[in-house]
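Take 4 as the starting number for the sequence shown in this note's numbering and just add one per residue.
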Amino acid sequence: ITIRYAKQEVDVARRLLRRIVNGKEHFSWRSRVGLVALKVETLSGFTNSPLRPHVFPQILLNDPVEKYMIPFRESRPLGADLILENVAMRFLKDSAVPLVNDWGSCVGIVHSRDCTKV
4 ITIRYAKQEV
14 DVARRLLRRI
24 VNGKEHFSWR
34 SRVGLVALKV
44 ETLSGFTNSP
54 LRPHVFPQIL
64 LNDPVEKYMI
74 PFRESRPLGA
84 DLILENVAMR
94 FLKDSAVPLV
104 NDWGSCVGIV
114 HSRDCTKV
C-alpha cells in the first residue's frame with residue numbers, strides 16, 4: 004500500500020509540475036520549481052516524462068558518471084590547510100573547489116554557498 008501511495012503522489016506532483024513548466028517559457032532548474040521537478044524525476048526514475056528532455060538534455064542517463072566528471076588535476080585542487088580568505092577569489096571562477104591533504108588525497112569539497120561570511 005505504501006508503494007502505491009508514493010507512486011500516486013509522484014503522479015500528482017508530475018501533473019502539477021507539467022502545468023507549471025508548460026506555463027513558463029523559461030525557468031531555472033536551480034529555482035524551487037526546477038529543484039522539485041528534478042526530485043520528482045529522480046523518484047520516478049525518469050521514465051515516460053514530458054520533463055525528461057528538459058532535465059538533462061545533453062546527457063544519457065545510462066552513461067557512467069565519470070564520463071561527465073572533470074579530471075581531478077584539471078579541477079586545480081587547493082590544500083586543505085589554506086586559510087579560506089586567501090582563496091576566496093577562486094569562488095569567482097568555481098562554485099566548488101576540491102581540497103587535498105599533504106599527500107595529495109582529496110579530503111573534501113568546499114562550496115562557495117557554504118562560505119557566506121567571507
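Heads up, the beta-carbon is just placed ideally off N, CA and C, and yes, glycines get one too. Just so you know, these numbers come straight off a predicted model, no measurement behind them.
Can you tell me where the alpha helix (DSSP H) holding residue i begins and where it ends?
i	result
residue 68	Per DSSP, residue 68 belongs to no alpha helix (DSSP H) and is neither H nor E.
In this structure, does DSSP put residue i in helix, strand or coil?
i	result
residue 37	helix
residue 85	coil
residue 110	strand
residue 93	helix
residue 18	helix
Can you check whether the CB of residue j is closer than 8 Å to the CB of residue i?
i	j	result
residue 78	residue 101	yes
residue 80	residue 118	no
Within the same chain, show all residues whose beta-carbon is closer than 7 Å to that of residue i, passing over the 5 residues directly before and after it, in chain order.
i	result
residue 11	none
residue 43	13, 16, 17 and 20
Along the chain, where does the beta strand (DSSP E) containing residue i start, and where does it finish?
i	result
residue 102	99–103
Might you give, ordered along the chain, the residues of its own chain that have their beta carbon closer than 8 Å to the beta carbon of residue i, omitting 5 neighbours on each side?
i	result
residue 112	99, 100, 101 and 102
Say whether chain B places a C-beta atom closer than 8 Å to the C-beta of residue i.
i	result
residue 84	This model lacks chain B altogether, as it is built from one protein chain only.
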